[in-house]
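The structure appears below as structure tokens.
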Ligand code: ADP
Ligand code: MG
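Numbering (the working numbering), first residue to last: 530 to 1001.
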């Protein structure tokens, strides 16, 4: 056991417990209990007894020096958080070892001693500012239309005054590619514009789950909890990903409660309205309704025109109106697809050196829509991809996460979603029973890579060409 030097005090408080101490300690305990597994709390904290609370100093009795060292060695961060919240920055906590019991065989120390006080203002916790926000996602470049104006207004209000509006939590829901993530990140960027010191954390629910699972595996679950609870603005994307993940939901539930109680802002997105989030803890779903729930609908024709023009501007390209109109007429339900179509058009024009005109747009769009004419089986896609990348077919479908197999699998899932009419869930089943959100993630990543990397984009064109050729 580590040997620390600690001051001895003679004027030990009377063993009669005072009510102020009991009250303060019970609040602290409640907070600490939220930060650790029940078993740990019962073992280490329930045996402690509050003795006195005077001059912002709380004295608690520990059964032995071992308790003190264990608590300080393992739960200092949680204590720090709970004390700071309850006693304020100047509050102190002092431990006193319990006197020997009457039967005389309990603890070796003849006299109670105070141990090194914890001064709560000395935070040991590292508040990592997980910005990970994309500066491109702002309110300025979010085009408003009838389908999103309500969600946009609520988001702007939250971004301007996080934690102080009635919109807490704010839940944005809507179909894929309609701007949920864009708005969520715009809130984060706006919050930081107002106050760069805020701890703004943007996380996909998948990332939240991964981090949590990893923290458990590495015995860092408590640190994970403490970190989550130090956030000022939590932006959690795609909560539907938490469906059927009970432990992660539980962790999120506690995080939610702590943040909400402390007036911190929570914003969530989901691809479904709360009532359709079966598989999510009902207590969580009901909490989503405490603030404001907004849906984002598909863009109308005018909004689509404005969005296409904006995208073209960002690429420094001017488009003929008939090209813009053609796209706006044909891609109606998903802004990401609209973006994808434009990127394809730009890429084709770039690669072939051709001008962007209606013909080229038609050709690019025909590729996108071809799936309706020629049904392509997922089996064919998998075989073609395995063949193209020279990996065995069963490895493609296996659970292995090693690279490059995992990336090739993402490409296969992405293309399966692009080239077939199968639902994400059905595609997931064909890839070793993977979750539909994994497929969604793969699909979005592939689109993103295509957007960012022209080489990858032409590789995909090549692959799609092969798959289509093989399907006739
Ligand atoms: P979701 O999260 O709903 O699936 P995203 O927020 O990822 O959708 O949006 C897909 C793409 O479309 C992003 O690049 C986003 O910037 C863009 N986008 C969506 N809605 C708008 C809008 N109203 N104005 C401008 N761009 C938009
Ligand atoms: Mg999204």
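For each residue, glycine too, the CB sits at the ideal point set by N, CA and C.
What you are looking at is a predicted structure, and each value in this text was computed from that prediction instead of being measured.
Item                                                                                                                                                                     : Value
How big is the Cα-Cα spacing for residue 1050 and residue 789?                                                                                                           : Past the edges of the chain, shown from 530 to 1001, lies residue 1050, and the structure says nothing about it.
Let me check understanding here. Comparing Cα to Cα, which of 846, 620 and 737 lies closest to residue 874?                                                              : 846
Could you tell me the alpha carbon to alpha carbon distance between residue 867 and residue 749, rounded to whole angstroms?                                             : 42 Å
Using a threshold of 8 Å, is the CB atom of residue 738 nearer than that to any non-hydrogen atom of ligand 2?                                                           : no
Between the alpha carbons of residue 991 and residue 718, how many angstroms are there, rounded?                                                                         : 38 Å
For residue 665, I'd like the list of residues in its chain whose CB is within less than 6 Å of its CB, leaving aside the five on either flank, ordered along the chain. : none
Which residues share a DSSP beta bridge with residue 702?                                                                                                                : 799 and 824
Less than 8 Å between the CB of residue 980 and some heavy atom of ligand 2, yes or no?                                                                                  : no
So, with DSSP's three-state summary, where would you put residue 495?                                                                                                    : Since the first residue shown for the chain is 530 and the last is 1001, residue 495 is missing from the structure and cannot be characterised.
Could you name the residues whose beta carbon sits closer than 7 Å to any heavy atom belonging to ligand 2, keeping them in chain order?                                 : 709, 710, 766, 767 and 798
Would you mind listing the alpha helix (DSSP H) stretches within the stretch 562-586 that are 4+ residues and don't spill past its ends, in chain order?                 : 567-573
Between 815, 773, 792 and 791, which lies nearest to residue 964 when the distance is taken from Cα to Cα?                                                               : 773
List the residues that DSSP assigns as beta-bridge partners of residue 588.                                                                                              : 581 and 623
Leaving out the 5 sequence neighbours to the left and right, which residues in its chain are closer than 8 Å to residue 814 when beta-carbon positions are compared?     : 803, 804 and 806
Compute the Euclidean distance between the alpha carbons of residue 729 and residue 950, then round it to the nearest angstrom.                                          : 38 Å
By the three-class DSSP mapping on this structure, what secondary structure does residue 934 have?                                                                       : helix
Would DSSP call residue 787 helix, strand or coil?                                                                                                                       : helix
Taking 9 Å as the cut-off, decide whether the C-beta atoms of residue 704 and residue 837 are in contact.                                                                : no
Check whether the stretch 963-982 and the stretch 929-940 touch, using three or more Cβ-Cβ pairs below 8 Å as the test.                                                  : yes
Taking the beta carbon of residue 989 as the centre, do at least 16 other beta carbons fall within 10 Å, making it buried, or is it exposed?                             : buried
Using three-state DSSP, classify residue 899 as helix, strand or coil.                                                                                                   : Confidence at residue 899 is low in this model, with a pLDDT of 46, below 50, so the placement of that residue is unreliable and no value is reported for it.
My output table needs one value for residue 968: the three-state DSSP class, helix, strand or coil.                                                                      : helix
Near residue 691, which residues of its chain fall below 6 Å by C-beta distance, leaving aside the five closest residues on each side in sequence?                       : 720, 762 and 794
Would you tell me roughly how many angstroms separate the C-alpha atoms of residue 552 and residue 959, rounded to the nearest one?                                      : 57 Å
Using the Cβ count rule (16 or more neighbours within 10 Å means buried), how would you classify residue 540?                                                            : Any reading at residue 540 must be qualified, since the residue scores a pLDDT of 45, below 50, and its modelled position is unreliable; no value is offered.
Output yes or no for whether 9 Å exceeds the beta carbon distance between residue 975 and residue 924.                                                                   : no
Taking Cβ positions, are residue 810 and residue 778 nearer each other than 9 Å?                                                                                         : yes
What ranges does the alpha helix (DSSP H) occupy inside the stretch 685-763, keeping only unbroken runs of at least 4 residues that lie completely in it?                : 709-723, 734-746 and 750-757
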